[in-house]
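Asker: Residue numbers (UniProt numbering): 1 to 129.
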Amino acid sequence: MPATPCVELKRIARDFLEALEDPNDLTKARAVASADLSVTHESYPPTEGLEQFLSGWAKAKQFMPNFRMELVDMVAEVDVSGSGGKVWVFSKVTGGGGGTDRDSIDMMSINGEGKVWKTKDVQRITSKH
Numbered sequence: 001m002p003a004t005p006c007v008e009l010k011r012i013a014r015d016f017l018e019a020l021e022d023p024n025d026l027t028k029a030r031a032v033a034s035a036d037l038s039v040t041h042e043s044y045p046p047t048e049g050l051e052q053f054l055s056g057w058a059k060a061k062q063f064m065p066n067f068r069m070e071l072v073d074m075v076a077e078v079d080v081s082g083s084g085g086k087v088w089v090f091s092k093v094t095g096g097g098g099g100t101d102r103d104s105i106d107m108m109s110i111n112g113e114g115k116v117w118k119t120k121d122v123q124r125i126t127s128k129h
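1) Suppose contacts are defined by Cβ-Cβ distances below 8 Å. Is Gly84 in contact with Ile105 by that definition?
2) Give me, in chain order, the residues of the same chain whose beta-carbon lies closer than 6 Å to that of Val80; leave out the 5 immediate sequence neighbours on both sides.
3) Mapping the DSSP letters down to three states, classify Ser43 as helix, strand or coil.
4) Under DSSP, the alpha helix (DSSP H) around Glu51 begins and ends at which residues?
5) For Val78 and Lys10, which I take to be in contact (beta-carbon distance under 8 Å), what is that distance rounded to the nearest angstrom?
6) Please determine if the segment 38-45 and the segment 58-65 are in contact, where contact requires at least 3 C-beta pairs separated by less than 8 Å.
7) Relative to the alpha-carbon of Glu42, which residue among Val122, His129 and Thr126 has its alpha-carbon at the smallest distance?
8) For Leu20, which three-state DSSP category applies?
9) Going by Cα to Cα distance, which pick from Thr27, Val32, Lys92 and Arg14 is closest to Glu113?
10) From the DSSP secondary-structure annotation, give me the bridge partner or partners of Thr94.
11) By the three-class DSSP mapping on this structure, what secondary structure does Met1 have?
This is the structure in structure tokens:
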């Protein structure tokens, strides 16, 4: 049975997030994200462009070597055009800055070519170490 569009959207979102685990090899992240990627984290200004985001991410990971993101659940919605859509990802984040654990919600927009082109997250602290 072929994957449904929602299943495919979730796969793309999962592939992108999992590709960020190794900041020394971001080849997979480049394969599933568009060059004009826009990333907004919490209340910070957006990072515009895939290479700018990946460069910043690699630097951030140097200060968070124990960073882990456990994907808990995802909900996907296909755009009314039938091409592309959005995925909401709920995850548990540990090993981040400030010695905190967090719940995170990422809303990822995926274009008709199957590339992540926009992502915005909001987080809340669940515990401090």
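Each residue gets a CB set at the ideal place from its N, CA and C atoms; glycine is no exception.
Answerer: Quick answer:
1) no
2) none
3) coil
4) Leu50 to Phe63
5) Not really, about 11 Å apart at Cβ, beyond 8 Å.
6) no
7) Val122
8) coil
9) Val32
10) Arg68
11) Model confidence at Met1 stands at a pLDDT of 46, short of 50, so the residue's coordinates are unreliable and nothing is read from them.
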